[in-house]
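Participant: Mind having a look at this structure? Questions to follow.
Protein chains: 2
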Amino acid sequence: MKAQHQCGRQTWKFLHDIRIQGSAVAVGPLEGEGPLAAEFDHIHPDMYAGQASWEKAERYMMYQAVQTAIKKSNLLESEIDIVLAGDLLNQTISSNFTASQLNIPLIGMFGACSTSMETLSVGAALIDAGYASYIIATCSSHNCTAEKQFRYPTEYGGQKPEYAQWTVTGAGAAVVGRGGAGPRITHATIGKVVDMGIKDPFDMGSAMAPAAVDTLSTHFRDTDRMPSDYDLIVTGDLGKVGYAILKDEMKDLAFEMTPVYNDCGLMIYSPDQQVFSGGSGCASSAVVTYSYIMNRLREGSIKRALVCATGALFSPVSYQQGESIPCIAHAVALEAVEEV
Amino acid sequence: MKAQHQCGRQTWKFLHDIRIQGSAVAVGPLEGEGPLAAEFDHIHPDMYAGQASWEKAERYMMYQAVQTAIKKSNLLESEIDIVLAGDLLNQTISSNFTASQLNIPLIGMFGACSTSMETLSVGAALIDAGYASYIIATCSSHNCTAEKQFRYPTEYGGQKPEYAQWTVTGAGAAVVGRGGAGPRITHATIGKVVDMGIKDPFDMGSAMAPAAVDTLSTHFRDTDRMPSDYDLIVTGDLGKVGYAILKDEMKDLAFEMTPVYNDCGLMIYSPDQQVFSGGSGCASSAVVTYSYIMNRLREGSIKRALVCATGALFSPVSYQQGESIPCIAHAVALEAVEEV
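Order-wise, the sequence lines are chains W and Y. Using the working numbering, read the first sequence as starting at 1 and increasing by one per residue. Using the working numbering, read the second sequence as starting at 1001 and increasing by one per residue.
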């Protein structure tokens, strides 16, 4: 039996006029040299962002993104009822310490790099159902905090294979509420954990692609839509390797993605930047969605977008104990204010 | 402006008949020797629970709790639309690997030891608003996985101060849906992060008590209730130290807690068990709530209970870098089926 908001078991349809009131991003130096630089609210020229440690730099970027998103929404911090936040660090300390600087109740989430759309999905659901008047969804990642935690000490300079990815340094935040003039959130598809047995923590694109395939194909079936119903479909951080796998696997399921498909991890850097297979991390999808995609929806050059954020749900303990990498993807459908 | 479900900014009032359909817990040996042993569904005689590692033992207990809760609800796994799960391990691997064994979409959450009521609150909200027909809320902790991750290698046998706590080994799960015969979920209060500057990772009771005071006092003001409106109010894992602080601080705010107040970390062990100041961990509140408290509500000997799960949102990196311990608490109000 379907509940009121369900179209299919995994997809929520929002019944009210749920909109992004404002969004903002803060990024590090490499992202600031990339092709989307003009879209970003805050670009830091070094990895410390004026803070005493990389961890403090990461949370400072989250704090900046949150404050700027609230400001761009013409709201006060006191008007935001809940912050939904997550990040990659152990015990999500970036989110916790950011929330301790805000006088807003916290719902902490963990979905690895899928956290951007996980927080936005649940936040939109809470707004649609009337649990809050305004929420803010936010997440962050930082190349140096992630590298030292997940792989090797950053100073060690370990070599990486070509199929490895580069954790994006940055944070994104979006304020959601009813009505207003921003892009509309129409659907969210909550992903299942998919584990194809891949055990190489550098090969996240191969590990995550099947989870994105599962969520995207479910989204299309649940909503009775096709890829061509969207002007842009992005995955969060599959990189070159996962991008190719996803297109092939979706085609096998009779979903032709090529004309509208891109990956945030490929969009955020230019081909001549040394980022191996492309960007990864919570900030990959958050930064691209909450700047470039929101800006295109606001100006109407994109009418309908689908953001499928992908997450690799492993830890150093789990892969060092020889376990595979379970993955997940959550997708959110966005629409321009005015259908032309 | 209040949204439909808000009574006060932080408290949700559920409008439909939202009930616990069934709940279950699995625990380790020490918990199985405690005063609540007769209430537990699964008691494991050793810390490995028949698995190859402590990490696998933890997630196996979560899996057991989930499966038994579904069975006790007379439902099939395929009827559960979403699992909301969290734990203490880096990147919440217990939840991720458990969800990879379930064919159910996952919303991963992190609230440290407040995760029990965080997952139940959001899960109940999703049911009340019609985003799912049935959800399952679950969380876990394991003494040995937590000890080695947060403090010292377990084999090292580091000494602890008297005010330290003992991480509970176990997992709890609850299925939530509309109607039926189980205890009703009437309200949830979402906590703010409170940081009083405490930096000692052994002294979690002192760190967390102010967050519980903030959430409980907010709950009473938002709902226009007093402690005496409840037959039982529990905090999740304040232990002896935090228990005393909470009572004092609540009294200063004119809320007399003494006649109805207890702490799950004190209830789960007997005074002659060597657990320092009492139990802690996600499983402390989950195990006590999803066994003892649910059983009393089902039989009607408790008519109304308030569970305030408390979480210390730190990581080894944050405290080793000299930072304080931000804390949070989320509270859920439960009612017996029949008001007599």
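All residues carry an ideal CB built from backbone N, CA and C; glycine is no exception. Note that this is a predicted model, so its numbers are computed, not measured.
What do you reckon, are the CB atoms on W/R304 and W/E335 nearer than 7 angstroms?
Facilitator: Taking 7 angstroms as the Cβ cut-off, W/R304 and W/E335 qualify as a contacting pair.
Participant: Is it the case that the Cβ atoms of W/S116 and W/A333 are separated by a distance below 7 angstroms?
Facilitator: No.
Participant: Taking all protein chains shown into account, do 16 or more other C-beta atoms lie within 10 angstroms of the C-beta of Y/A1052, making it buried, or fewer, making it exposed?
Facilitator: Exposed.
Participant: Go ahead and label W/M61 buried or exposed: buried means 16 or more other beta carbons lie within 10 angstroms of its beta carbon, across all protein chains shown.
Facilitator: Answer is buried; the Cβ neighbour count reaches 16.
Participant: Report the residue from Y/A1038, Y/Q1064, Y/A1037 whose alpha carbon sits nearest the alpha carbon of Y/G1050.
Facilitator: Checked all of Y/A1038, Y/Q1064, Y/A1037; the closest Cα to Y/G1050 is Y/Q1064.
Participant: Starting from W/G191, find everything on chain Y with Cβ-Cβ shorter than 9 angstroms and list it in chain order.
Facilitator: Here the neighbours are P1105, L1106.
Participant: My guess is that W/F358 and Y/Q1091 are in contact by the Cβ rule of under 8 angstroms, so how many angstroms apart are they, rounded?
Facilitator: This structure cannot settle anything about residue 358 of chain W, because the visible part of chain W is limited to 1 through 340.
Participant: Measuring CA to CA, which of Y/D1248, Y/G1281, Y/G1239 is closest to Y/N1262?
Facilitator: Out of Y/D1248, Y/G1281, Y/G1239, Y/G1239 has the C-alpha closest to the C-alpha of Y/N1262.
Participant: Thinking just about the alpha-carbon of each residue, which of W/E58, W/L15, W/M109 is nearest to the one in Y/G1130?
Facilitator: With distances taken between Cα atoms, Y/G1130 lies closest to W/L15.
Participant: Is any beta-carbon of chain W found at less than 7 angstroms from that of Y/V1340?
Facilitator: Residue confidence is low: Y/V1340 scores 42 on pLDDT, short of 50, so the model does not pin down where it sits. Its coordinate-derived value is still stated next. It does not; no Cβ of chain W falls within 7 angstroms.
Participant: W/K72 lies in the alpha helix (DSSP H); which residues open and close that run?
Facilitator: 54-72 is the span of the alpha helix (DSSP H), which, as asked, contains W/K72.
Participant: What in chain Y is Cβ-close to W/W12, meaning under 7 angstroms?
Facilitator: Y1131, listed in chain order.
Participant: Terminal residues of the continuous beta strand (DSSP E) containing Y/V1106?
Facilitator: First, the residue type needs correcting, since residue 1106 of chain Y is Leu and not Val in the sequence shown. Unbroken beta strand (DSSP E) run through Y/L1106: 1106-1108.
Participant: Could you give the residue range of the beta strand (DSSP E) that holds Y/Y1134?
Facilitator: Run containing Y/Y1134: 1134-1141, per the beta strand (DSSP E) assignment.
Participant: Which class does W/A164 belong to by DSSP, given the choice of helix, strand or coil?
Facilitator: In the structure shown, W/A164 sits in coil (DSSP, three-state: anything other than H, G, I, E or B).
Participant: So is Y/L1076 in contact with chain W if we call contact Cβ pairs under 7 angstroms?
Facilitator: Chain W contact via Cβ: absent.
Participant: What first and last residue would you give for the alpha helix (DSSP H) that runs through Y/G1032?
Facilitator: Note, Y/G1032: alpha helix (DSSP H), 1029-1032.
Participant: Where does W/G279 sit, in a helix, a strand or coil, going by DSSP?
Facilitator: Here W/G279 sits in strand by DSSP.
Participant: Using a Cβ-Cβ cut-off of 7 angstroms (strictly less than) and excluding sequence neighbours within five positions of W/P45, which residues of its own chain qualify?
Facilitator: Hits under 7 angstroms: P29.
Participant: Starting from the C-beta of Y/C1007, find all residues in its chain whose C-beta is less than 7 angstroms away, skip the five residues before and the five after it, and write them out in chain order.
Facilitator: Once the five neighbours on either side are set aside, the close Cβ partners of Y/C1007 are K1013, D1222, T1223.
Participant: Using a Cβ-Cβ cutoff of less than 7 angstroms, which residues in the same chain neighbour W/E39 once the five nearest sequence positions on both sides are dropped?
Facilitator: Answer for W/E39: S291, Y292, N295, listed in chain order.
Participant: Applying a beta-carbon distance threshold of less than 9 angstroms, which residues of chain Y neighbour W/G86?
Facilitator: Here the neighbours are G1108, M1109, F1110.
Participant: Check each residue of the stretch 1226-1246 of chain Y: if its Cβ is closer than 9 angstroms to any Cβ of chain W, include it; give the result in chain order.
Facilitator: Against chain W - using a Cβ distance shorter than 9 angstroms - the stretch 1226-1246 of chain Y contributes no residues.
Participant: Would you identify the three-state DSSP class for W/V337, choosing helix, strand or coil?
Facilitator: In the structure shown, W/V337 sits in coil (DSSP, three-state: anything other than H, G, I, E or B).
Participant: CB W/G182 to CB W/Q21, shorter than 7 angstroms?
Facilitator: It is a contact, given that the beta carbons lie within the stated cut-off.
Participant: Compute the Euclidean distance between the alpha carbons of Y/H1005 and Y/A1312, then round it to the nearest angstrom.
Facilitator: Near 28 angstroms, if we compare the C-alpha coordinates of Y/A1312 and Y/H1005.
Participant: Mind listing which residues of the stretch 1036-1054 of chain Y have their C-beta closer than 9 angstroms to chain W's C-betas, in chain order?
Facilitator: Those residues of the stretch 1036-1054 of chain Y that come within reach of chain W (Cβ to Cβ, closer than 9 angstroms) are A1052, S1053.
Participant: Select from Y/I1328, Y/A1211, Y/D1128, Y/D1229 the residue whose C-alpha is nearest the C-alpha of Y/I1302.
Facilitator: The shortest C-alpha separation from Y/I1302 is found at Y/D1229.
Participant: What does a CB cutoff of less than 7 angstroms around W/E339 pick up in its chain, not counting 5 residues either side in sequence?
Facilitator: With a pLDDT of 49 at W/E339, under the threshold of 50, the predicted position of this residue should be treated as unreliable, though the coordinate-derived value follows. These residues qualify, in order along the chain: K303.
Participant: Tell me the rounded alpha-carbon separation between Y/E1147 and Y/R1009.
Facilitator: Using only the alpha carbons, I get a separation of about 36 angstroms.
Participant: So with CB distances below 8 angstroms, who are the chain W contacts of Y/I1082?
Facilitator: Here the neighbours are I190.
Participant: Give the straight-line distance between the Cα atoms of Y/S1121 and Y/I1190, rounded to the nearest whole angstrom.
Facilitator: Computed Cα separation, rounded: 8 angstroms.
Participant: Less than 7 angstroms between the C-beta atoms of W/I43 and W/V193, yes or no?
Facilitator: Taking 7 angstroms as the Cβ cut-off, W/I43 and W/V193 do not qualify as a contacting pair.
Participant: W/S100 versus chain Y: which residues are under 7 angstroms apart at the beta carbon?
Facilitator: V1193, D1195, P1326, listed in chain order.
Participant: So the candidates are W/I80, W/A212, W/H219, W/C139; which of them puts its Cα closest to the Cα of W/G177?
Facilitator: When only C-alpha atoms are compared, the closest one is W/I80.
Participant: By how many angstroms is the C-alpha of W/E58 removed from the C-alpha of W/I135?
Facilitator: Each residue's Cα considered, the two are about 21 angstroms apart.
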